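Working notes, structure below.
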Amino acid sequence: MKPNPIVGQGTPLHQWQASPHMAQLPLISVEQLVPEGHRAVIIAPHPDDEVLGCGGLLQGLAALGRPIQLISVTDGRASHPGSRRWPAERLSVVRPQESAQALHRLGVPLHRLKWLRAGFDDSRVAAQEAALAAFIQRYLKPNDVVFTTWREDGHCDHEAVGRASAKAALAVGASLFELPVWTWHWATPEDSQVPWHRARKLPLAPEVVARKRHAIHAFASQLEGDPHIGLPPVLAPYVVERLLQPFEVVFV
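Under the working numbering, the residues of the sequence shown are numbered 2 to 253, in order.
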């Protein structure tokens, strides 16, 4: 059983940076992931996962002019339970707005982006997994390339979205790549629970990482906790830094 990924400070960044194992992961390019004539479909459990997991990839897709379909499974309203500063009603409005601002900061042209908000319940996606798989399947085509959170990422919504996406992609014959997000927190570079044999590394230029950093800082709600109830930020500085390495990883 994996620990709650939001508890504690997790695996230090320097452990990832110093790992020969990580340094030796095979490289992959945006062009290899999404060849010409194919559409990228990004399926995010919450508004921000598309940037945290593949903000660099999104920049590359935009630069190549690839069509992009973004599916936000939930509105992220459950990120601050019990908070008066960030009640669910406020978050349901603010978090999609933060995503739009983040995508703008990445340079993703919103007028060319198809964006679906699926409306599933934040923190309870697993209970509606079959319905989610059917929903996703309706919007997929055989030549799509799907990117979603890894089925073992350590967050219940991330895992349910990963499973539903995999089922939908298989049903229509679309390609599927999974993204680690909270894995960087609880796992280690040599962790046998992580399918490193399936991992490919997408290198990111410094300016791409800088834009991803700028985009992450659009998620003000996630960068703030609620000290009145002892609630830490979801995206504490040590979490953000692990997601801003000079590469992104996909599981093939």
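Quick reminder that beta carbons are idealized off the backbone N, C-alpha and C, glycines included.
The model shown is predicted, which means the values in this text are computed figures rather than measured ones.
Taking the Cα positions, Ser73 is about 20 Å away from His39. Secondary structure within the segment 58 to 92: the beta strand (DSSP E) runs of 3 or more consecutive residues, fully enclosed, are 69 to 75 (chain order). In the three-state reduction of the DSSP assignment, Val162 falls in the helix class.
The alpha-carbon separation between Glu99 and Gly77 amounts to approximately 11 Å. Residue environment for Ala131: exposed (fewer than 16 other C-beta atoms within 10 angstroms of its C-beta). For Arg214, the enclosing alpha helix (DSSP H) has its first and last residue at 207 to 217. Judged by DSSP in its simplified three-state form, Phe136 adopts helix. Apart from sequence neighbours up to five positions away, the residues of its chain that approach Gly108 with a beta-carbon distance below 7 Å are Gln60, Ala63, Arg212, ordered along the chain. A check of alpha carbon separations from Gly226 across Phe220, Val235, His218 identifies Val235 as the nearest. For Pro238, the uninterrupted alpha helix (DSSP H) segment begins and ends at 238 to 243. In terms of Cβ geometry, Ala127 and Ala161 form a close pair [threshold 9 Å]. Residues of the same chain with a CB within less than 7 Å of the CB of Leu177, apart from the 5 flanking positions on each side, are Val147, Ser166, Ala167, Ala170 in chain order. Among the bridge pairs identified by DSSP, Arg96 is matched with none.
Residue pairing by DSSP places Arg125 in no beta bridge whatsoever. The shortest CA-to-CA distance from Ala119 to any of Ile44, His156, Val94, Asp154 is the one to Ile44.
Note that the segment 188 to 197 touches the segment 19 to 36; at least 3 beta-carbon pairs, one per stretch, sit closer than 8 Å. Check the Cα spacing between Asp158 and each of Ser80, Gln10, Pro36, Leu205: the tightest is with Ser80. Counting along the chain, no beta strand (DSSP E) covers Glu37, and no H or E run does either. Secondary structure of Lys142 (DSSP, three-state): coil. Under the three-state reduction of DSSP, Pro204 is assigned to strand. Sixteen is the threshold: when 16 or more other Cβ atoms of the shown chains lie within 10 Å of the Cβ of Arg96, as they do, the residue is buried. Taking 9 Å as the cut-off, the Cβ atoms of Asp50 and Val182 count as close. Non-local C-beta neighbours of Arg85 in its own chain, meaning closer than 6 Å and more than five positions away in sequence, are absent.
For the 9 Å CB-CB criterion, Leu92 and Ser222 form a contact. Of the candidates Gly56, His47, Pro27, Gly56 places its Cα closest to the Cα of Ala206.
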